[in-house]
Amino acid sequence: MKQLISFVLTILATVGLQAEDDRPNIILVLADDLGAKELSSYGNTVHHTPCLDQMAAEGARFETFYAMPLCTPTRVCLMTGQYGFHNGFLGMQNPAFRPLPGSPQADIGNHFTHADLLKAHGYATAQIGKWQLSGKLPTLIRDTGFDEYCMWAYDHNLPEGIQHPSHERAGGNTSRYWHPSIVQNGEYRPTEPGDYGPDIFNQFALDFARRHKDQPFFIYYTSLLTHGPHLETPDPNHPGQHLPATFRSNLEYLDYLMGQLLDGLKAEGLDENTVVIFVGDNGTGGSGKGSVTEPGARVPCIIRGPGVKPGLVTRAVGDLTDFLPTLAEYAQAKLPADHPFDGHSLVPVLTGQKEKHRDWIYSHLDDGRILRDERWLLQIGKGGKNEQFFDCGESRDGSGYRDVTDSTDPEVQQARARFASILAGIPVPKPHPGMESRGDNKPQKPIATERNERFRQRDQNSDGFIDHKEFLATIAGSDQKAGEARFRKLDTDGDDRISLEEFRANGAKK
55 MKQLISFVLT ILATVGLQAE DDRPNIILVL ADDLGAKELS SYGNTVHHTP CLDQMAAEGA
115 RFETFYAMPL CTPTRVCLMT GQYGFHNGFL GMQNPAFRPL PGSPQADIGN HFTHADLLKA
175 HGYATAQIGK WQLSGKLPTL IRDTGFDEYC MWAYDHNLPE GIQHPSHERA GGNTSRYWHP
235 SIVQNGEYRP TEPGDYGPDI FNQFALDFAR RHKDQPFFIY YTSLLTHGPH LETPDPNHPG
295 QHLPATFRSN LEYLDYLMGQ LLDGLKAEGL DENTVVIFVG DNGTGGSGKG SVTEPGARVP
355 CIIRGPGVKP GLVTRAVGDL TDFLPTLAEY AQAKLPADHP FDGHSLVPVL TGQKEKHRDW
415 IYSHLDDGRI LRDERWLLQI GKGGKNEQFF DCGESRDGSG YRDVTDSTDP EVQQARARFA
475 SILAGIPVPK PHPGMESRGD NKPQKPIATE RNERFRQRDQ NSDGFIDHKE FLATIAGSDQ
535 KAGEARFRKL DTDGDDRISL EEFRANGAKK
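FYI, in this note's numbering the residues of the sequence shown are 55 to 564.
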């Protein structure tokens, strides 16, 4: 079926394209484990992300944009323009909510993707960075519509007979950062201990753009940063030196690479006709990722390019399903009418033609669900437990949300009835017959709890984390050495800051 769709689209595209192709190039950057609250353009006062700030100033920034709370369902959703009830990827680790092995849905190559669409309409296509989907390289990446690729490769992705010498830990994944394991267009690309993976992928993106500057191109750039392990990064200001092994350094190096990418496009004369999209794949690791809550789903989304209104900060709600229809509009491509798509083009909002985009957005993980509109938020934890309803008011970042789950106010009841009506039209996620749902189906903890309040008091700069200085300044009855030990115990991912999830999970005391 997919091959037939692609063939028909190719014929239509060949007939309809102008002799001089002025359609924009498209680069879609998917950052790994990055929630919206981490960027300075979203209010963070600790992290410095000037390149992304500049990108937002030159383009549009969405205040409320949703991904899925974990990596694989996000990537399939983004590539297909479909929620999990259409594409089959409701979850990640839990096999009860993934396509059954051997089923057509389990092979991403059988799905109609954004790259399939653009390739059929004359775009040169490339994927760069992280795969995180089923199958072997190189076949599957080519099967999903990409002409070229340069990817971090697990051991089982390497060509037969090849062994990469560097791993992240004994028995762990091949290295993705220093001395990275890379397969490029079917060939193993040897690297050295001093080679930094994100630099190589950024260079490949610019090289692909240069080589295809005379035709429209699409680059799907799935960044490794800011996923752990948070190792040292190169220091852009001091060649040969390194920055500390912290989340902040990793994020700020990602920002630097975005600046290099945008500057490189400008140097090639490509910046004025290239749409660049920057979005996160789920909430930050240790601070939302994997939780069926808004911090698990809310990600940064910044878009700049021809026709995008500069400096636009939009309150329109959007999610990952909107990208495929958006790319179709930029490519002047018709979506197949007999194929379900769950999103809508963002172009009318980006150009300033419309302020409102859609009535609601949706996120899911296993059988947990999140539904959001411009004011109200519904969270249903895994197993259907701990349903919570919030009046968000004008807030978009979690501050000031009111838990109205038990409210009898007529306005609240009317909103709940509307949400119930929306959910009635969405298939209820269920485990495969005969398979029990496994994994963490504990109720999601409420947003407003005593421990959350303690966390808020200690997070003195309100950046969503307790750093080393804040922790030592706000503990009582402990000497410096004991305080240091407690901080290290709570900082389970070693990024020199304590997230709300770490604070909760490790039973922090007064």
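Backbone N, C-alpha and C define an ideal beta-carbon position, used for all residues, glycine too.
Asked	Found
For L311 and D253, I'd like the C-alpha separation in whole angstroms.	8 Å
Between the beta-carbon of Y177 and the beta-carbon of F272, is there less than 8 Å?	yes
How would you call Q468, buried or exposed, if buried means at least 16 neighbouring beta carbons within 10 angstroms?	exposed
How many angstroms separate the CA atom of S399 from the CA atom of T380?	4 Å
Could you spell out the range, first to last residue, of the beta strand (DSSP E) harbouring Q467?	Taken as a continuous stretch (DSSP letters only), Q467 belongs to no beta strand (DSSP E), being part of the alpha helix (DSSP H) at 464 to 478.
For G97 versus S341, is the C-beta distance shorter than 8 Å?	no
Going by other Cβ atoms of all chains shown within 10 Å of its Cβ, with 16 needed for buried, is E202 buried or exposed?	buried
Apart from the five residues just before and just after G422, which ones in its own chain have a Cβ nearer than 7 Å to its Cβ?	V346, I434, G435, K436
Considering only their Cβ atoms, is the gap separating A382 from L171 smaller than 8 Å?	yes
To which residues of the same chain is Y482 closer than 8 Å at the C-beta, ignoring the five residues directly before and after it?	In the sequence under discussion, the amino acid at residue 482 is Val, which differs from the Tyr named in the question. Taken in chain order, the residues that qualify are D421.
Helix or strand or just coil, what does DSSP make of Q433?	strand
Taking only runs that begin and end inside the segment 75 to 125, name each unbroken alpha helix (DSSP H) of 4 or more residues, in chain order.	104 to 112
Strictly under 8 Å for the Cβ-Cβ distance: is D451 near chain B by that measure?	No chain B appears in this structure, which consists of one protein chain only.
What's the gap between the Cα of D325 and the Cα of K267?	11 Å
Classify R223: buried if its beta carbon has 16 or more other beta carbons within 10 angstroms, exposed otherwise.	exposed
Could you give the C-beta distance for V329 and L84, rounded to a whole number, given that I count them as a contact under 8 Å?	Their Cβ separation, rounded to whole angstroms, is 15 Å, which puts V329 and L84 out of contact at 8 Å.
So which of G361, R129, L297 has the shortest CA-CA distance to W185?	R129
In angstroms with no decimal places, state the Cα-to-Cα distance between A207 and N227.	9 Å
Which runs of the beta strand (DSSP E) spanning at least 3 residues fall entirely within the segment 291 to 365, listed in chain order?	328 to 334, 355 to 358
Identify which residue in R551, E556, R542, D161 has its Cα closest to the Cα of E524.	R551
Could you tell me the distance, in whole angstroms, from the CA atom of F444 to the CA atom of I331?	30 Å
Examine the Cβ distances between the segment 401 to 416 and the segment 365 to 377 and report whether three or more of them are shorter than 8 Å.	yes
Assuming I236 contacts A351 (C-beta within less than 8 Å), just tell me the rounded distance between them.	Not confirmed; about 31 Å, so no contact.
Does the beta-carbon of H210 have 16 or more other beta-carbons within 10 angstroms, so that it is buried, or is it exposed?	exposed
I'd like to know if the segment 246 to 266 and the segment 100 to 114 are in contact, where contact means that at least 3 CB-CB pairs between them fall below 8 Å.	no
Between which two residues does the beta strand (DSSP E) carrying D396 extend?	Careful: D396 lies outside any beta strand (DSSP E) and carries neither H nor E.
Taking only three categories from DSSP, how would you classify C204?	strand
Rounding to the nearest angstrom, what Cα-Cα distance links L82 and Y275 in this structure?	6 Å
Rounded to the nearest angstrom, how far is the Cβ of D574 from that of D335, given a contact under 8 Å?	Nothing in the structure corresponds to residue 574, since the chain is present only between 55 and 564.
What are the boundary residues of the alpha helix (DSSP H) that R542 is part of?	534 to 544
Could you work out which residue in P213, V367, Y307 is closest to P290 when comparing CA atoms only?	Y307
What three-state label does DSSP hand P390 in the structure shown?	coil
Helix, strand or coil: which one does DSSP assign to H266?	coil
Give the range of the beta strand (DSSP E) segment to which D236 is assigned.	Inspection of the sequence shows that residue 236 is occupied by Ile rather than by Asp. Unbroken beta strand (DSSP E) run through I236: 236 to 238.
For F158, name the three-state secondary structure that DSSP assigns.	Sequence check: residue 158 is Pro here, not Phe. Helix, per DSSP.
Looking at the secondary structure, which residues open and close the alpha helix (DSSP H) in which R196 lies?	193 to 197
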